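Trainee: Quick one: this structure, given as structure tokens, is what I'll be asking you about.
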Amino acid sequence: MHFAYPSSLSHSDDVSSTSPDLEVASDNRTKEATATTSRPSSGPDRPGAKLRGILAILTSATSAQTGAAIGAHAFPAMGPIGVVAVRQVVAAAVLLPAARPKLHRLGWQQWWPCLVLGGVFLTMNLAVYSAIDRIGLGLAVTLEFLGPLTIALLSSRGVREIGLAALAGIGVYVLILPGPASDLIGIGLGLLGGAGWAAYILTNSLAGRRLSGLQAPAVGSLISATMAIPILVWLAVDGRLWGQPLLLAATAGVLSSAIPYAADLTALRYVPKRFFAVFTSVHPVIAALAGVVVLGQLLSVHEWLGIAIVVIANVLATLRTR
Numbered sequence: 266m267h268f269a270y271p272s273s274l275s276h277s278d279d280v281s282s283t284s285p286d287l288e289v290a291s292d293n294r295t296k297e298a299t300a301t302t303s304r305p306s307s308g309p310d311r312p313g314a315k316l317r318g319i320l321a322i323l324t325s326a327t328s329a330q331t332g333a334a335i336g337a338h339a340f341p342a343m344g345p346i347g348v349v350a351v352r353q354v355v356a357a358a359v360l361l362p363a364a365r366p367k368l369h370r371l372g373w374q375q376w377w378p379c380l381v382l383g384g385v386f387l388t389m390n391l392a393v394y395s396a397i398d399r400i401g402l403g404l405a406v407t408l409e410f411l412g413p414l415t416i417a418l419l420s421s422r423g424v425r426e427i428g429l430a431a432l433a434g435i436g437v438y439v440l441i442l443p444g445p446a447s448d449l450i451g452i453g454l455g456l457l458g459g460a461g462w463a464a465y466i467l468t469n470s471l472a473g474r475r476l477s478g479l480q481a482p483a484v485g486s487l488i489s490a491t492m493a494i495p496i497l498v499w500l501a502v503d504g505r506l507w508g509q510p511l512l513l514a515a516t517a518g519v520l521s522s523a524i525p526y527a528a529d530l531t532a533l534r535y536v537p538k539r540f541f542a543v544f545t546s547v548h549p550v551i552a553a554l555a556g557v558v559v560l561g562q563l564l565s566v567h568e569w570l571g572i573a574i575v576v577i578a579n580v581l582a583t584l585r586t587r
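Sequential numbering from 266 applies to the sequence shown in this note's numbering.
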């Protein structure tokens, strides 16, 4: 970067007689000041950053829940594992052309977060979908939300933020009111999904800082798609990779993987991880509201109460976070 200095300084006798150390220090301070004023603000301190982050989270949640509802219709033909495998391949097919990452130029500092992210993509989705298949949506979603709730609690600064995270967790529980389950495998899968969601928040944030644009989720989805190839081969040999179920799973891949991966990365560039973790409590709320709008379902009193609690927690978190 080239900096312009007043011509009077370069010809001044006072400057020429100044100590070299002082001249270097002055030059460095000038460069720092110029760089600071010329560099555009970025990250959570950028004006309007919080609003952009919230809109990105809402976009992610709405798209993910719509895609999940569509993908569930392919369960009978392909099973949850098959739907997840197709989702990862479709996500890679959408994100790679959009991001166009130069894989040969990535160093290890860029590669390893993407490798972890790819494994998290596949593990998290396999665990959650399998848990839903075994113990039902309500309990599975509640167990999964323990992941971001833990992130919110551990990264909270003070009693107020801990209280807001706990309030969001209570709201999700009241909304869903999961019944007891004796399927220990299903419960374990739900907890694994929660751990995966926590890892997803942390790894996506790290990878997003080391790669520009949408390169991080694009490379991560490429890795998860590669890991899912054996599942797709098995489905094809078994004659289940065809027709309407494949179309439904592919649609879920766009709505539940490609769009949320990109939107979540965008959100994490605008808001702190602790705020992001609390605000993910809107996922079950949007799922419930989608049932009202799309399916004509009626919500009970406890569901409306749970929605109100989650909304209050998120409004307070929004007003609190700067």
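By construction, the Cβ of each residue, glycine as well, lies at the ideal position given by its N, Cα and C atoms. Bear in mind the structure is a predicted one, so any value in this text is a computation, not a measurement.
To the nearest angstrom, how far is it from the Cα of L570 to the Cα of G436?
Mentor: Using only the alpha carbons, I get a separation of about 8 Å.
Trainee: In the DSSP assignment, find the alpha helix (DSSP H) that holds K315 and state where it starts and stops.
Mentor: K315 -> alpha helix (DSSP H) spans 314-337.
Trainee: Reducing DSSP to helix, strand and coil, say where Y438 ends up.
Mentor: Three-state DSSP puts Y438 in a helix.
Trainee: What do you get for P378, buried or exposed, if any count of 16 or more other CB atoms within 10 angstroms of its CB means buried?
Mentor: Buried.
Trainee: Rounded to whole angstroms, what is the Cα-Cα separation between V359 and L382?
Mentor: The alpha-carbon atoms of V359 and L382 are separated by roughly 17 Å.
Trainee: Tell me whether V289 sits in a helix, a strand or coil according to DSSP, three-state version.
Mentor: Annotation note: pLDDT 41 at V289 (below 50); position unreliable, coordinate value reported separately. Residue state, collapsed to three classes: helix.
Trainee: If contact is defined by three or more beta carbon pairs under 8 Å, each pair taking one atom from either stretch, is the region 393-409 in contact with the region 502-517?
Mentor: Cβ pair count under 8 Å is below three, so no.
Trainee: According to the Cβ coordinates, are G451 and I496 closer than 8 Å?
Mentor: In this structure, I496 does not lie closer than 8 Å to G451 by Cβ.
Trainee: Going by C-alpha distance, which of R474, F540, L520, A532 is nearest V351?
Mentor: When only C-alpha atoms are compared, the closest one is L520.
Trainee: Let me know if R539 comes out buried or exposed under the rule of 16 or more other beta-carbons within 10 Å of its beta-carbon.
Mentor: Classification for R539: buried.
Trainee: Taking the alpha-carbon positions, what's the R317 to Y438 distance?
Mentor: Distance between the alpha carbons of R317 and Y438 is about 28 Å.
Trainee: Please state whether DSSP places T583 in a helix, a strand or coil.
Mentor: The answer is helix: DSSP assigns T583 an H, G or I state.
Trainee: Tell me whether P345 sits in a helix, a strand or coil according to DSSP, three-state version.
Mentor: Looking at P345 - three-state DSSP - the assignment turns out to be helix.
Trainee: Judging by CA-CA distance, which residue of A481, G347, A326, V566 is the nearest neighbour of V372?
Mentor: This sequence places Gly at residue 372; Val is not what is there. When each option's Cα is compared against that of G372, the closest is A481.
Trainee: In or out: P599 buried (at least 16 other Cβ within 10 Å) or exposed?
Mentor: Shown here, the chain extends from 266 to 587; a query on residue 599 therefore has no answer.
Trainee: Among A417, G347, T583, which one has its Cα closest to the Cα of A517?
Mentor: It is G347 whose Cα lies nearest to the Cα of A517.
Trainee: Rounded to the nearest angstrom, what separates I524 and A329 at their Cα positions?
Mentor: Distance between the alpha carbons of I524 and A329: 8 Å.
Trainee: My output table needs one value for L411: the three-state DSSP class, helix, strand or coil.
Mentor: Reduced to three states, the DSSP call for L411 is helix.
Trainee: So what's Y394 in DSSP terms, helix, strand or just coil?
Mentor: Helix.
Trainee: Let me know if G458 comes out buried or exposed under the rule of 16 or more other beta-carbons within 10 Å of its beta-carbon.
Mentor: It is buried - the Cβ of G458 has at least 16 other Cβ atoms within 10 Å.
Trainee: Tell me whether S477 is buried or exposed, calling it buried when 16 or more other Cβ atoms sit within 10 Å of its Cβ.
Mentor: It counts as exposed.
Trainee: Within this structure, are the beta carbons of I574 and A326 separated by less than 8 Å?
Mentor: Against a cut-off of 8 Å, the Cβ pair of A326 and I574 comes out as no contact.
Trainee: Are at least three pairs of beta-carbons, each pair with one atom in the region 461-476 and one in the region 529-544, less than 8 Å apart?
Mentor: Contact between the region 461-476 and the region 529-544 is present, because at least three Cβ pairs lie under 8 Å.
Trainee: Using three-state DSSP, classify G478 as helix, strand or coil.
Mentor: The answer is coil: DSSP assigns G478 none of H, G, I, E or B.
Trainee: On the CB-based measure, 16 or more other CB atoms within 10 Å of its CB, does V424 come out buried or exposed?
Mentor: Looking at its Cβ environment, which holds fewer than 16 other Cβ atoms inside 10 Å, V424 is exposed.
Trainee: Confirm, please, whether the CB-CB distance from L429 to V543 is below 8 Å.
Mentor: In this structure, L429 lies closer than 8 Å to V543 by Cβ.
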